[in-house]
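Visitor: Encoded as structure tokens, here's the structure I'll be asking about.
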Amino acid sequence: MSLSTDKVTHYKNEVAVLAGTLPNVAESYHGFTGECFAAGELDEKTKQLIALGISLFANNEICTYYHVQEAQSKGASDRQIMEAAAVAAAAASGHALSQGVLRVQGALSMDKERRSGIVDGAGQPVAAGMQDYLQDTEFSSAFGHVNDDFGSRGAVSPSY
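Here the UniProt record's numbering is used: position 32 in the sequence shown is 32, and no number is missing along the way.
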């Protein structure tokens, strides 16, 4: 067996242990994922290729191996699998670029305004619009979500 096959087998064995300990949790999880990966508007192979890309972006070794094996079992060629990996790389680099142009340039702009000596009526440095960059959230005044009540959860922050 290959290292990737060994790791996936070990994962499946550990999931079986979980199923013995928490059968309802394991059954619910398998039911959910089974429905998600079943053929629908997208075929099973395409769904496995999507999952592979997400696994790569999440840097999850076991899921990467697992979804390569599943994509192959659904008929994906080596080239299709590598194209999915390339798309994941493009999405990941787009993620870094979008955060760079929005957050980093925003922080630089705020710092420049702070260094310019421009202050508001309370003597605080002016950094108009920068609160959104500093809250680590995609909800902003541009979308009308500045004063939304998120209850005890606090601010909504993306995990990507």
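The beta carbon of each residue, even a glycine, is placed where N, CA and C say it ideally should be.
All of these numbers come straight from a predicted model, not from anything done at the bench.
Going straight from the alpha carbon of E113 to that of V101, what length do you get?
Guide: To locate residue 113, count along the sequence shown from 1; it is residue 113. To locate residue 101, count along the sequence shown from 1; it is residue 101. Computed Cα separation, rounded: 17 angstroms.
Visitor: For H67, is the classification buried or exposed, using 16 other Cβ atoms within 10 angstroms of its Cβ as the cut-off for buried?
Guide: Counting from 1 along the sequence shown, the entry for residue 67 is found at position 67. Buried: at least 16 other Cβ atoms inside 10 Å.
Visitor: For Q48 versus A86, is the C-beta distance shorter than 8 angstroms?
Guide: For the purposes of this step, residue 48 is taken as the residue at position 48 of the sequence shown. For the purposes of this step, residue 86 is taken as the residue at position 86 of the sequence shown. No, they are not a contact pair.
Visitor: Do you know offhand how far S71's Cα is from L18's?
Guide: By 1-based counting over the sequence shown, the position of residue 71 is 71. By 1-based counting over the sequence shown, the position of residue 18 is 18. Note that residue 71 corresponds to Ala in the displayed sequence, not to Ser. Taking the straight line joining both Cα atoms gives about 25 angstroms.
Visitor: Look at the alpha carbon of V25 and the alpha carbon of M110, and state the distance between them as a whole number of angstroms.
Guide: Position 25 of the sequence shown, counted from the first residue, corresponds to residue 25. Position 110 of the sequence shown, counted from the first residue, corresponds to residue 110. Going by the C-alpha atoms only, they are around 47 angstroms apart.
Visitor: Please identify the residue among L56, I81, R115 and S4 whose C-alpha is closest to the C-alpha of A91.
Guide: As a first step, residue 91 must be located in the sequence shown, where it is residue number 91. Taking only the C-alpha atoms, the option nearest A91 is L56.
Visitor: Decide if L52 is buried, meaning its Cβ has at least 16 other Cβ atoms within 10 Å, or exposed.
Guide: For this step, residue 52 is matched to residue 52 along the sequence shown. Result: buried.
Visitor: Give me the residue from S28, Y29, I81 and L22 with the minimum Cα distance to K45.
Guide: The residue you call residue 45 lines up with position 45 of the sequence shown. Of the candidates S28, Y29, I81 and L22, the one whose C-alpha sits nearest the C-alpha of K45 is I81.
Visitor: Count the other CB atoms, across all protein chains shown, that sit within 10 Å of the CB of T64; report buried if there are 16 or more and exposed otherwise.
Guide: Taking the first residue of the sequence shown as position 1, residue 64 is located at position 64. T64 is buried by the Cβ-count criterion.
Visitor: Report all residues from its chain with a CB closer than 8 angstroms to the CB of M1; omit the five preceding and five following residues, and keep chain order.
Guide: Sequence index remark: in the sequence shown, residue 1 carries index 1 (1-based). So the list reads T9, once near-sequence residues are dropped.
Visitor: Find out if the Cβ-Cβ distance for the pair I50, Y11 is shorter than 8 angstroms.
Guide: In the sequence shown, the residue the question calls residue 50 occupies position 50. In the sequence shown, the residue the question calls residue 11 occupies position 11. Contact flag unset, no.
Visitor: Using DSSP with H/G/I as helix, E/B as strand and the rest coil, what is T5?
Guide: Against the sequence shown, residue 5 aligns to sequence position 5. Of the three classes helix, strand and coil, the one that applies to T5 here is helix, per DSSP.
Visitor: Taking only the alpha-carbon atoms, compute the straight-line gap between E41 and E14 and give it to the nearest angstrom.
Guide: Taking the first residue of the sequence shown as position 1, residue 41 is located at position 41. Taking the first residue of the sequence shown as position 1, residue 14 is located at position 14. Near 32 angstroms, if we compare the C-alpha coordinates of E14 and E41.
Visitor: Buried or exposed: A84, going by 16 or more other Cβ atoms within 10 Å of its Cβ?
Guide: Walking along the sequence shown from the start, residue 84 turns up at place 84. Buried is the call here.
Visitor: Just the Cα atoms here: how many angstroms apart are G106 and Q99?
Guide: For the purposes of this step, residue 106 is taken as residue 106 along the sequence shown, with counting starting at 1. For the purposes of this step, residue 99 is taken as residue 99 along the sequence shown, with counting starting at 1. C-alpha separation (whole angstroms): 10 angstroms.
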